[in-house]
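Below is one structure, written out as structure tokens, with a few remarks after it.
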Amino acid sequence: MTRHFILTGAPGAGKTTLIRELARRGFTTIPEAATDVIAIEQAKGIEMPWLEGDFTRRIAALQVERLAGAGAPLVFHDRSALCTLALARFLGHPVCAELSEAVADACKTFEPKVCFVRLLGFITPTAARRIGLAEAREFDKLHEAVYREAGFALVDIAPAPVEARIAAVLAIAQGRDLPLPQSSSI
Numbered sequence: 001m002t003r004h005f006i007l008t009g010a011p012g013a014g015k016t017t018l019i020r021e022l023a024r025r026g027f028t029t030i031p032e033a034a035t036d037v038i039a040i041e042q043a044k045g046i047e048m049p050w051l052e053g054d055f056t057r058r059i060a061a062l063q064v065e066r067l068a069g070a071g072a073p074l075v076f077h078d079r080s081a082l083c084t085l086a087l088a089r090f091l092g093h094p095v096c097a098e099l100s101e102a103v104a105d106a107c108k109t110f111e112p113k114v115c116f117v118r119l120l121g122f123i124t125p126t127a128a129r130r131i132g133l134a135e136a137r138e139f140d141k142l143h144e145a146v147y148r149e150a151g152f153a154l155v156d157i158a159p160a161p162v163e164a165r166i167a168a169v170l171a172i173a174q175g176r177d178l179p180l181p182q183s184s185s186i
């Protein structure tokens, strides 16, 4: 039986860095779908695909496809369909049937404890990430609300060096208490 864990949080919190480190260590990981949808659309010349009406539907479809293909005993996901629901709310997009179905499946599939990666206190802009720190904090609260509404327990992954954050994620996946925060700077 596969156990699926979500790493979520606001843009720029460091989720992708953690997912990449987990993959480097040999864990099965699923990359963020929204970033991939944005890259595909920007390659086609659509500068801001998040303004397109079917943006969240395309993300949800890719998330469903990736979830279906993840069969290892332990899988870490960079976001889930609940993140896409939060994104739809944030952007003011309607929630399509595909997204509703993806959220329902996610609620049945993912472990009840979610690794909520907290903001580092700064945002590094990218082609896909054009959000400032104030907006990211607002998005962070919306993400938190969406997951709580769905009944998930959020476990904070506090700002810390990558190694400490990875230790916290692995403790959650292994059902252990979180390690004590380290006092070293990021």
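All residue numbers for the sequence shown refer to UniProt numbering, where the first residue is 1 and numbers rise by one.
Beta carbons are placed, not taken as given, at the ideal position from N, Cα and C, and that holds for glycine.
In this structure, the alpha-carbon of residue 41 lies about 30 Å from that of residue 108. When the alpha-carbon of residue 161 is set against those of 133, 120, 170, 154, the nearest one is in 120.
By the C-beta criterion, the region 99-107 is judged not to be in contact with the region 154-169, since fewer than 3 inter-stretch pairs fall below 8 Å. Looking at the DSSP output, residue 153 sits in a beta bridge with 113. The Cβ-Cβ distance between residue 11 and residue 172 does not fall below 7 Å. Per DSSP, reduced to three states, the secondary structure at residue 19 is helical. CA-CA distance, residue 27 to residue 137, rounds to 29 Å. Per the C-alpha coordinates, the member of 77, 175, 152, 56 positioned closest to residue 66 is 77. One Cα belongs to residue 123, the other to residue 38, and the distance between them is close to 18 Å. Rounded to whole angstroms, the gap between the alpha carbons of residue 4 and residue 87 is 21 Å. Contact between residue 14 and residue 176 is ruled out by a C-beta separation of about 21 Å, above the 8 Å threshold.
Comparing C-alpha distances from residue 93 to each of 174, 163, 52 shows the shortest one belongs to 52. Restricting attention to alpha helix (DSSP H) runs no shorter than 4 residues, the region 40-98 encloses them at 55-68, 81-91, ordered along the chain. The beta-bridge partner set that DSSP reports for residue 6 consists of 77.
In terms of CA proximity to residue 146, 80 leads the group 22, 80, 163. Bounds of the alpha helix (DSSP H) holding residue 172 are 162-173.
Taking 8 Å as the upper bound for CB-CB distance, residue 150 and residue 91 are not in contact here, some 19 Å apart.
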